[in-house]
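Report on the structure given below.
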Amino acid sequence: MPSALSISSHVVHGYVGNRAMVFPLQFSGWDVDALNTTNYSNHPGYGKFKGTKSTTDGVKDLFQGLNDIIDLAKDYQLIITGYTPSKDVLQIVFDQISELYNSNMNPTWILDPVLGDNGKLYVSEDIIPVYKKILSSGHVTLTTPNQFEFELLSGVKINDLDSIRHACEKFKSIFKVSNLVITSIEFIGKIYSIGYTSSNELFCIEITKIECSFNGCGDLFTALLANEFYNNQLELTPKVLGNVLNRLHKILQHTFECEKTENKEPFTVVKDLRIISSRQYLLEPSQVSDYDVIYL
């Protein structure tokens with residue numbers, strides 16, 4: 534059974550951060566250790582929450598405790614990093630993971646650079662240079678920014694499908710990351726997910742749109758992609774991304790239908806994914822033919 538270390542936020546109630554990533558990975562056959570960068574009652578989308586952010590000393594102590602009992606470079610085949618609350622905590626995470634790459638048994642590192650969305654930062658702007666340093670390190674195998682995060686990190690705007698190749702090539706010229714997935718890009722009412730592979734193959738797949746926003750969707754996407762990517766021998770392909778989008782859509786559709794049944798008022802945001810009750814979709818057989826792949 535492969536083992537993974539998932540580093541992200543934690544909430545007591547709801548499904549974002551590690552709560553949205555750990556169970557899907559476990560259900561897919563992973564032995565997952567979770568290192569939490571927050572301990573909140575719920576995610577901020579509720580409008581209020583209680584709890585604390587992890588401190589640099591706290592995160593460093595957790596890494597030290599793990600190092601005292603296991604060999605991180607040997608025991609983890611996969612490391613996933615998501616939300617970190619500050620540049621100092623992210624720097625500690627980077628420092629600790631970087632030490633693993635001094636060995637000959639390097640885990641696969643998948644980085645979701647959680648910065649914000651829809652033109653709005655969720656974190657302090659001073660965390661951006663740390664993410665750039667991580668992406669330039671050569672340690673990250675796959676990164677999964679959304680459009681806002683991609684443009685913020687690369688400094689390149691994506692205006693239409695024709696400009697994507699230039700943007701992705703510029704991203705790779707700046708950073709040392711073999712595989713890139715831009716989780717979502719919207720043009721003229723259509724949403725696409727973009728894949729740019731280690732062999733410079735560039736493709737996009739249209740996402741079936743649901744007229745609603747879902748908290749935790751990006752975290753779940755990263756977990757699904759991490760599993761599919763690893764099981765495909767670390768090769769990003771249209772089939773890999775298509776399978777992820779197919780499973781994600783079915784979970785979101787199930788969540789949406791549950792919300793409609795329970796909530797008689799109109800809504801545009803679903804605060805909590807129904808991951809447990811839609812768990813059968815985590816093992817959904819390959820159905821990439823459901824999608825039209827556009828090669829760019």
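Numbered by the working numbering, the letters in the sequence shown go through residues 534 to 829 in order.
Virtual Cβ for every residue (Gly too), placed ideally from N, Cα, C.
With DSSP as the reference, please indicate the residues paired to residue i in a beta bridge.
i	result
isoleucine 718	Tyr725
aspartate 564	Ser536
leucine 474	The requested residue 474 does not occur in the structure, where the chain is confined to residues 534 to 829.
valine 689	Valine 689 is not bridged to any residue.
valine 710	BP columns for valine 710 are empty, so no partner.
valine 803	Phe747
serine 832	Given a span of 534 to 829 for the chain in the structure shown, any question on residue 832 remains unanswerable.
isoleucine 740	Ile724
Here's the rule: buried if 16 or more other CB atoms are within 10 angstroms of the residue's CB, otherwise exposed. What is residue i?
i	result
proline 618	buried
methionine 554	buried
valine 802	exposed
proline 646	buried
histidine 672	buried
lysine 804	buried
asparagine 776	buried
phenylalanine 754	buried
serine 819	exposed
threonine 748	Reading the sequence as shown, one finds asparagine at residue 748 and not threonine. Buried, because 16 or more other Cβ atoms sit within 10 Å of the Cβ of asparagine 748.
valine 565	buried
isoleucine 740	buried
serine 657	exposed
asparagine 679	buried
threonine 794	exposed
aspartate 752	buried
histidine 543	buried
Would you mind reading off the limits of the alpha helix (DSSP H) that contains residue i?
i	result
glycine 550	Segment: none, glycine 550 is in no alpha helix (DSSP H) and carries neither H nor E.
valine 777	771–795
serine 706	697–707
tyrosine 763	750–764
Leaving out five residues on either side along the sequence, give the residues of the same chain with a beta carbon under 6 angstroms from the beta carbon of residue i.
i	result
tyrosine 609	Ser536, Leu538 and Pro640
glutamine 624	Val663
leucine 668	Phe708 and Val710
glycine 584	Asn572, Tyr573 and Ser574
glycine 547	Asn575, His576 and Asp805
tyrosine 729	Cys701, Leu713 and Leu735
Assuming residue i is part of the beta strand (DSSP E), what are its boundary residues?
i	result
valine 826	826–828
threonine 571	571–573
glycine 584	584–586
Please return the same chain residues whose Cβ sits closer than 7 angstroms to the Cβ of residue i, not counting the five positions on each side in sequence.
i	result
tryptophan 642	Ile612, Ile630, His672, Val673 and Thr674
aspartate 693	Phe720
valine 622	Thr570, Ser587, Thr589 and Val592
Quick one: what's got a C-beta closer than 8 angstroms to residue i's C-beta in the same chain, skipping five residues either side?
i	result
lysine 783	Ser811, Tyr814 and Glu817
leucine 758	Ile643, Leu675, Thr677, Val714, Val773, Leu774 and Val777
tryptophan 563	Met534, Pro535, Ser536, Ala537, Leu611 and Asn760
histidine 787	Arg807, Ser810, Ser811 and Tyr814
Within the stretch 602–687, ranges of the beta strand (DSSP E) (whole runs, at least 3 residues): 611–614, 641–644 and 673–676
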